[in-house]
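**Student:** Next up is a structure, given as structure tokens.
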Amino acid sequence: MDIYKFAIRPLLFNVVKADSEWLHQQTIRSFSWLSQTPASWLNQRLQKSLCLYDSRLEQNLFGLNFPNPVGLAAGFDKDGVAANIWSNLGFGFAELGTVTFHAQLGNPRPRLFRLPLDKAALNRMGFNNRGAAAMAARLIQEKQKLTQSIPIGINLGKSKVTPLEAAAQDYLDSFRYLKDLGDYFVVNVSSPNTPGLRSLQDASMLSSILNLLQQENTTQKPIFVKIAPDLDWVAIADIISLAKTYQLAGIIATNTTISRDGLKTQVIDQTGKSPQDEAGGISGEPLRDRSTEVIRFIWQQTQGQIPIIGVGGIFSAEDAWEKITAGASLIQVYTGWIYEGPLMVRRILAGLLVLLEQSGLNSINEAVGLQTRIQKF
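Letter 189 of the sequence shown, counting from 1, is numbered 668 in this note's numbering, and no numbers are missing.
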């Protein structure tokens, strides 16, 4: 029996009604402690319970080896305090951040809300983090102990105090601190919770950021751009063009949505207001179909030549399979993991192996874009 789903989650969500952000802080503190503990038997127990290894799930992409396609999305480990633990929890890769050059407190609380009726979350965190220098110091300190066997990405955002016209330099300053410490990097221009940030998805603004980063990127670290699900097809096509021009490793599709269409939640208990009256981005199940549409569009426009990391509304192996067969080489989870618990990653991986067998495929790489190819012909 899954103790988390049937006992712990109902207790925390329905009985104690624990504040979402407080619960997240306690969780990340626990993971940070676990990543520091010398008790190898504990980590071995975690690996035995939560990990699943199978060569059919492995991929080598943009020079990195991914033991499986399921990663932790940015936003959970904002400061990289638990970088050592994610492989023990079954993930094939993990993305730290979002980190900004300047440390910042983020938006006023409350700023993170569960929407259980929708299997969703609403957040307006505002890139709360200790800053790029602090993350760099932390990762340098941990590097000696690093037993991580999975790629670690770092998600870069713009500091709130930095004017939009100086955004490119702000991203560059963060990258300079961290460029030797991440396996890949993500330019986050799509969070709805930093004023004006999404305007950086405009081709001319994004071009200036990518140009500076690639000039600095002498070791050719893979760089991605993370886009919003609310962009129209023309804007996404412009970003695809930029990805080719600046030789990006790929595109992450998608960030949270500002749409409130189809939500079942009428009132958020903590505020007494409807989701329509609350600022922030929605993640989880309401995002699932739109993010898949964006993945399919990118795959079709690039003929599968630009790797895509798919994120949005993944709770099950079937959800993951839908993203992969639409065109995602890798996927990321966050909200689904909160609802489904730590066993979710292993369940997804086991389910993907079943789906591979049912489809007569020998590796997960063969499934990438499969459904989109079928629809095309």
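Just so it is clear, CB atoms sit at the ideal spot from N, CA and C, and this is done for glycine as well.
#1: How would you write the range of the alpha helix (DSSP H) that I633 sits in, first residue to last?
#2: In terms of residue numbering, what span does the beta strand (DSSP E) encompassing K802 cover?
#3: Could you give the DSSP three-state label for Q427: helix, strand or coil?
#4: When you compare each of S653, G632, G550 to S638 by their alpha carbons, which one comes out closest?
#5: If G554 sits next to T579, beta carbons under 8 Å apart, how far is it from one beta carbon to the other, in whole angstroms?
#6: Roughly how many whole angstroms lie between the Cα atoms of V495 and I747?
#7: Buried or exposed for I718, please, with buried defined as at least 16 other CB atoms from any protein chain shown within 10 angstroms of its CB.
#8: Quick one: using the 10 Å Cβ neighbour count with 16 as the cut-off for buried, is N539 buried or exposed?
#9: In terms of residues, what are the limits of the beta strand (DSSP E) holding Q538?
#10: Here's a check: name, in chain order, each residue in its chain whose Cβ is nearer than 7 Å to the Cβ of M604, leaving out the five neighbours to either side.
#11: Taking the beta carbon of S838 as the centre, do at least 16 other beta carbons fall within 10 Å, making it buried, or is it exposed?
#12: Return the first residue and the last residue of the beta strand (DSSP E) that S670 is part of.
#13: Under 7 Å Cβ to Cβ from K802, same chain only, skipping five residues before and after it: list those, please.
#14: Just the Cα atoms here: how many angstroms apart are D768 and L594?
#15: Tell me the rounded alpha-carbon separation between T506 and D556.
#16: Under 7 Å, do Y813 and A552 count as touching if we go by C-beta distance?
#17: Tell me whether N563 counts as near the ligand SAM, meaning its Cβ is closer than 6 Å to at least one heavy atom of that ligand.
#18: Reducing DSSP to helix, strand and coil, say where N602 ends up.
#19: In the DSSP output, what is K752 paired with across the bridge?
#20: Excluding sequence positions up to five away, which residues of its chain have a Cβ less than 8 Å from the Cβ of R739?
#21: Would you report the Cα separation of Y532 and F664, rounded to the nearest angstrom?
#22: Taking only runs of the beta strand (DSSP E) that begin and end inside the region 689-772, which ones reach a length of at least 3 residues, in chain order?
#23: Would P708 and T736 qualify as a contact pair, given that the criterion is a beta-carbon distance under 7 Å?
#24: In this structure, how does DSSP classify F573 when only helix, strand and coil are distinguished?
#25: Nearest CA to the CA of I688: which residue from I706, V668, P674, G675?
#26: Tell me which residues share the same chain as V833 and place their Cβ nearer than 8 Å to its Cβ, disregarding the 5 neighbours each side in the sequence.
#27: Ordered along the chain, which non-local residues of its own chain (more than five positions away) have a Cβ less than 8 Å from that of I777?
#28: Using the Cα positions of L822 and L536, report the straight-line distance between them to the nearest angstrom.
#29: From A646 to E836, what does the alpha carbon distance come to, in whole angstroms?
#30: Could you say which of L828, D711, S808 lies nearest to N544 if we only look at CA atoms?
#31: Looking at the strands, I want to know which residues DSSP matches up with Y663.
#32: If we count the other Cβ atoms within 10 Å of its Cβ and call it buried at 16 or more, is F680 buried or exposed?
#33: Take N734 as the anchor and find which of V640, G763, W712, K752 has the nearest alpha-carbon.
#34: Please report the Cβ distance between D558 and R524, rounded to the nearest whole angstrom; I am assuming they are in contact, meaning their Cβ atoms lie under 8 Å.
#35: Quickly, what does DSSP pair G550 with across the bridge? List them, please.
#36: Do E695 and N634 have their beta-carbon atoms positioned less than 7 Å apart in this structure?
**Tutor:** The short version:
#1: Membership of I633 in any alpha helix (DSSP H) is not indicated; the residue belongs instead to the beta strand (DSSP E) covering 631-635.
#2: For K802, no beta strand (DSSP E) segment is defined; the enclosing uninterrupted segment is the alpha helix (DSSP H) at 796-805.
#3: Residue 427 cannot be examined here, being either before or after the span of the chain that is shown, 480 to 856.
#4: Considering only alpha carbons, the answer is S653.
#5: The pair is not a contact, with the Cβ atoms about 13 Å apart (cut-off 8 Å).
#6: At V495 the pLDDT is 48, less than 50, meaning the model places this residue with poor confidence and gives no usable figure here.
#7: Buried: at least 16 other Cβ atoms inside 10 Å.
#8: By the 10 Å Cβ count, N539 comes out exposed.
#9: That run of the beta strand (DSSP E) goes 538-540.
#10: Within the same chain, M604 has close Cβ partners G585, N586, R590, L591, N672.
#11: For S838, the number of other beta carbons within 10 angstroms of its own is below 16, and it is reported as exposed.
#12: S670 -> no beta strand (DSSP E), and no H or E assigned at all.
#13: Result list for K802: T771, I774, G789, I793, I810, in chain order.
#14: Per the coordinates, the alpha-carbon of D768 lies some 18 Å from the alpha-carbon of L594.
#15: Between T506 and D556, the C-alpha separation is close to 10 Å.
#16: Going by C-beta atoms, Y813 is nearer than 7 Å to A552.
#17: Among the ligands in the structure shown, none appear at all, so the ligand SAM cannot be discussed.
#18: In the structure shown, N602 sits in a strand (DSSP, three-state: E or B).
#19: For K752, which the question treats as bridged, DSSP gives the partners I747.
#20: These residues qualify, in order along the chain: P754, Q755, I761.
#21: Distance between the alpha carbons of Y532 and F664: 26 Å.
#22: Taking only runs of at least 3 residues, the beta strand (DSSP E) segments lying wholly in the region 689-772 are 702-706, 729-732, 760-763.
#23: Yes. Within cutoff.
#24: Before going on, a small fix: residue 573 reads as Ala here, not Phe. Strand at A573.
#25: Closest option to I688, judged by alpha-carbon separation, among I706, V668, P674, G675: V668.
#26: Correct list, in chain order: A796.
#27: The answer, listed in chain order, is I715, I719, I730, A732, I785, I787, G806.
#28: Taking the straight line joining both Cα atoms gives about 17 Å.
#29: Each residue's alpha carbon lies about 47 Å from the other.
#30: For N544, the nearest C-alpha among the options comes from S808.
#31: Bridge pairing for Y663: G632 [DSSP].
#32: Correcting the residue type first, residue 680 is Gln in the shown sequence and not Phe. Per the 10 Å Cβ criterion, buried.
#33: Restricting attention to V640, G763, W712, K752, the CA atom closest to the CA of N734 is found in G763.
#34: With a contact defined as Cβ atoms closer than 8 Å, D558 and R524 miss out at about 26 Å.
#35: Within the DSSP bridge table, the entry for G550 names F572, Q811 as partners.
#36: No, Cβ-Cβ distance for N634 and E695 is not below 7 Å.
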